[in-house]
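Going down the list, the protein sequences come from chains A and B.
Just so we're aligned, residue 1 is where the first sequence starts under my numbering, counting upward by one.
Just so we're aligned, residue 1001 is where the second sequence starts under my numbering, counting upward by one.
Glycine included, every Cβ here is placed at the ideal spot set by N, Cα and C.
Quantities reported herein were computed from a predicted structural model and do not represent experimental measurements.
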Amino acid sequence: MGVLAGEIFKEKECGMKREGFRPDSMFSRKMSRKEFMKLMLLGAATLPFFKFFSNSAEASTPNFNGRPKRAVEGLYDLVVAKGEDPYSITLKAVESIGGMEKFVKNNDVVVVKPNIGWDRSPEQAGNTNPQVVAALIDMAFKAGAKKVKVFDATCNDARRCYTNSGIGAIAKEHGADVFFVEDWNVVKANFPYESPMEGWPILRDAIECDTFINVPILKNHGLTTLTLSMKNLMGVCAGRRGPMHDNIGRKLVDLTDFINPELTVIDAYRVLLRNGPTGGDLEDVATMKTVIVSTDPTLADTYACGLVDVAPESVQYIEVAMNRGFGKYDINSAHKNFINV
Amino acid sequence: MKKLIAARMISQAFFLSLFIYILWSTTYPLKGTLKASTFFNFSPLIMIITSISERVILPGLAASCFILILTALFGRFFCGWVCPLGSAIDIAAVFTRRRRKEDDRFNAKAKQPKFLILAVIAIASLFGIQLAWIMDPIVIMGRFTSLNLIPAITATVNLLLIFTIKAFNYNSAIQDFYRTLKSGILGINVYYFSHSGIIFLFFLTICAFTLFKRRAWCRMACPLGAIYALAGRFAILHRVVEKCISCGRCKSDCRMGAIRDDMEYSKGECVLCMDCVYDCPQHATAFRWSSGKIGAAPGKAGGITRRQFFLLAGSSLFLTGFNFKDRSAFRKTDIIRPPAALKEDHFLDRCVRCGNCMKVCITNGLQPVLLQSGLDGIWTPQLVPEIGYCEYNCVLCGHTCPTGAIPALSLQEKHEVRLGVAEIDRSICIPWAQGGECIVCQEHCPIPQKAIKVQKDVVGDEVILKPYIDERLCVGCGICQSKCPVRPIRAVKVSSRNSYRT
């Protein structure tokens, strides 16, 4: 190429020199064989650097053994709060279970993981109620949290979901770190027992925290009948999540065991009864004005089933949890507290 | 102090940055102060030719007429001071020797082809064929910027930052910076466009011509330049030389070859680059409103010879011949077009292939077609659900289209627009073929009443939910195909059957 360019741009008789004219440029003269070889070698020398660069950018992901089980005991096993204002019922419910100070210590990093999966408005009940999220962020900061992260791996376009769910704006307003999840910023799940989730990429932000607060919304779902706290944890998984739906019950229980959320807050303020998990039709939405708070995801999920008259056994992950003895599911023997705000 | 050249360069840099900025901000939520179609509206070639060929009044006509009036006052200032492709070509010219011999006979011939091209385009437009898109500089630059430049920049910045974060430490200030960038100016998507390399080569070739003859594209081939050359002939602004010593410096330095041996110049070719003002050793060249000693006479107008006339007539007839055939006969028809795009024949004529819709598509699903819809359908948009689906609540593509090939829909209209219809291949669908749990398609279906329904079947001792399509509700958005976990061929596919075209 150099030779060709040299021929085309042969030196010509030229009386005047002008600014900006570079007589020594690569294209303005013929290239010697030596120069050509040099250039080629230089080019080849950059290749290993590029390989190193791309390898580093796609470096192998480290393994992670799951978040430690802190097993914080609340004053009650389960608190159910009802009332007009989603913000204040969340406040009261968490206060009743022992207050946020029980779960969040000074300078803690807190993850609040709502459901922001869909490009839907709060009224359509596709995503967690933004007021519930706001209440949790406020309480976490009041308890001394250094940082509150709010994120979800969305199904529709992330920008649309964060905006239209109302969570993006309200969480930012209340001081939380709101960001879009990064597919490359993950760890590989490592289980002490054999699990279908072995090696699945889990978002680093979800496991590098002191307190994990899971804030699902109660709604209908095609495959699992209901999406509840365990189903909501799918939002910390990266990668292609389609194949997760095979043997979903087992996978979600293992995932919950891996993440170990300290606190589960189920938003049942507006409940999508049919055509979930996306919804869209306001006639499918019932207003129940309830928030369920528990330290035990299985117990919270089992109780939430009762709200919409679904047998807990028909929800795959609750069924698996029951068979495995993962958490409590006997609502009658649980220590409950009901509050009306 | 070369004030005028500095002013020209600042103007070029400003409009090139503005052009890139407008296309950069052509993304969700599309709240830019300038619309994505701004520059395209100021291209009389696109606006007038499309208006004639499609028998419509495009809103951009007013802007185009405005710029034509300006050209009639100042001459071809657009080419030298504004045109983003012209600026890119000037940047490419950094690699050339500046001074070269200019030959009058060559220059006189070299400026002809663009008028011929413009004439072919104009005649074809009378017969309802829109060919302006092929060589319009704004379109070429826009397509390059949207489909090559911006994706390349975002991918590089993204990779560099990821590398830095991975190599040093996570949860650092760099990561915070990265997240701010991603949720702001950089955007969360790193876009990919199929066969964008060919688009890049097309652009590169046009720029590379300048290595052989400066501004070769602008002075020989550009049909928009031809329009401006015609309008610029009447320009009131003149190049005036007093006390000329016929040294010929201005002539050998003229990037457009507009100055002749007798030191007169063809006004239609001059792009007002202002080089000659500072080349003149007598400091006697200037641009003035009144005519001076030299340069007043327009000289021999760049007319058309008899041979050229026959060439023109012949090629126009050849091109119009396409219109009388049934063009759809040779076309692969199962291409999913953007929502409510015009009917195929009209769509191909109206679409200028600027790439705005593909740039703005929130899921990256709109991709340039290569040859699937025939040679005349090259670089038109199609939805490729494997790459991205049509977001149910999104109407952005129609709002960026400069010619209305994709109508600007309201959200309510969009919800009822069918792009096609989905079909489930039961021989590979996981619940149907293997009796496994899946129904990811049903889960993602955005229709409030769910266009994908499930039936409960007992397989062995298990209840399996099997999906099927309710064709009355399906709008063919393609999210089911996009999210289907079956590989390599998806078990649910959208075809353009039943699509709604305006």
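query                                                                                                                                                                           : result
By DSSP's criteria, K219(A) is part of a beta bridge. Which residues make up the other side?                                                                                    : T227(A) and L272(A)
Is there contact between the stretch 189-198 of chain A and the stretch 137-155 of chain A, where contact requires at least three CB pairs shorter than 8 Å?                    : no
Starting from the beta carbon of T298(A), find every residue of chain B whose beta carbon is closer than 8 Å, and list them in chain order.                                     : Within chain B, no residue comes near T298(A); the closest Cβ sits about 20 Å away, beyond 8 Å.
Let me confirm a value: Q1282(B) is counted as buried when at least 16 other C-beta atoms fall within 10 Å, else exposed. Which label applies?                                  : exposed
Give the DSSP-derived three-state secondary structure of M197(A) in the structure shown.                                                                                        : coil
Please check if any C-beta of chain A sits within less than 8 Å of the C-beta of V1454(B).                                                                                      : yes
Pick helix, strand or coil for F1193(B), following the three-state DSSP scheme.                                                                                                 : coil
Using the beta-carbon of each residue, which ones in chain B are nearer than 9 Å to G242(A)?                                                                                    : C1438, V1440, K1483, C1484, P1485 and V1486
The stretch 210-228 of chain A: which residues have C-beta closer than 8 Å to a C-beta of chain B, in chain order?                                                              : H221, G222 and L223
With a threshold of 7 Å on Cβ separation, who are the neighbours of Q124(A) within its own chain once the five nearest residues in sequence on each side are excluded?          : G279, G280, L282 and V285
Hey, is D157(A)'s beta-carbon within less than 8 Å of any beta-carbon in chain B?                                                                                               : yes
Can you pull the chain B residues whose beta carbon is under 8 Å from the beta carbon of N275(A), in chain order?                                                               : P1448, Q1449 and K1450
Answer with yes or no whether the minimum CB distance from R1008(B) to chain A is below 8 Å.                                                                                    : no
Taking CB distances under 8 Å as the criterion, tell me whether G166(A) reaches chain B.                                                                                        : no
Buried or exposed for E1102(B), please, with buried defined as at least 16 other CB atoms from any protein chain shown within 10 angstroms of its CB.                           : buried
Please check the pair F191(A) and D246(A), which I expect to be a contact at CB under 8 Å, by giving their CB distance rounded to whole angstroms.                              : Not quite, the Cβ-Cβ distance comes to about 18 Å (not below 8 Å), so this is no contact.
Taking the continuous beta strand (DSSP E) assigned at E1462(B), which residues delimit it?                                                                                     : E1462 to I1469
So, with DSSP's three-state summary, where would you put M31(A)?                                                                                                                : coil
Measuring CB atoms only, is the stretch 1031-1040 of chain B touching the stretch 1399-1408 of chain B, in the sense that at least three cross pairs come out at less than 8 Å? : yes
So which residues on chain B does N247(A) lean against when the C-beta distance must stay under 9 Å?                                                                            : G1436 and E1437
D281(A) CB to nearest chain B CB: under 8 Å?                                                                                                                                    : yes
Would you decide whether I1489(B) is buried or exposed? Buried here means 16 or more other CB atoms lie within 10 Å of its CB.                                                  : exposed
Using the Cβ count rule (16 or more neighbours within 10 Å means buried), how would you classify I1464(B)?                                                                      : buried
Using only the alpha-carbon positions, how far apart do D85(A) and V132(A) sit?                                                                                                 : 9 Å
Straight-line CA distance for Y1228(B) to V1240(B)?                                                                                                                             : 21 Å
Can you tell me where the alpha helix (DSSP H) with F1347(B) in it begins and where it stops?                                                                                   : E1344 to R1350
Which residue comes first and which comes last in the alpha helix (DSSP H) that contains P1137(B)?                                                                              : P1137 to F1144
On the CB-based measure, 16 or more other CB atoms within 10 Å of its CB, does K113(A) come out buried or exposed?                                                              : buried
What did DSSP end up calling N63(A) once you bin it into helix, strand or coil?                                                                                                 : strand
Contact check, K1450(B) vs N275(A) under 8 Å by CB: the rounded distance?                                                                                                       : 5 Å
For the 8 Å Cβ check, are there 3 or more pairs between the stretch 73-87 of chain A and the stretch 232-250 of chain A?                                                        : no
On a Cα-Cα basis, can you pick out the residue from I1469(B), R1353(B), A1286(B) and G1460(B) that is closest to I1005(B)?                                                      : A1286(B)
Between D267(A) and L218(A), which are expected to be in contact by the criterion C-beta below 8 Å, what is the C-beta distance as a whole number of angstroms?                 : 7 Å
Pull up the distance between the alpha-carbon of V291(A) and that of V1190(B), whole angstroms please.                                                                          : 39 Å
Whose Cβ in chain B lies nearer than 7 Å to the Cβ of F179(A)?                                                                                                                  : R1179 and S1183
Taking 8 Å as the CB-CB cut-off, is D152(A) touching chain B?                                                                                                                   : no
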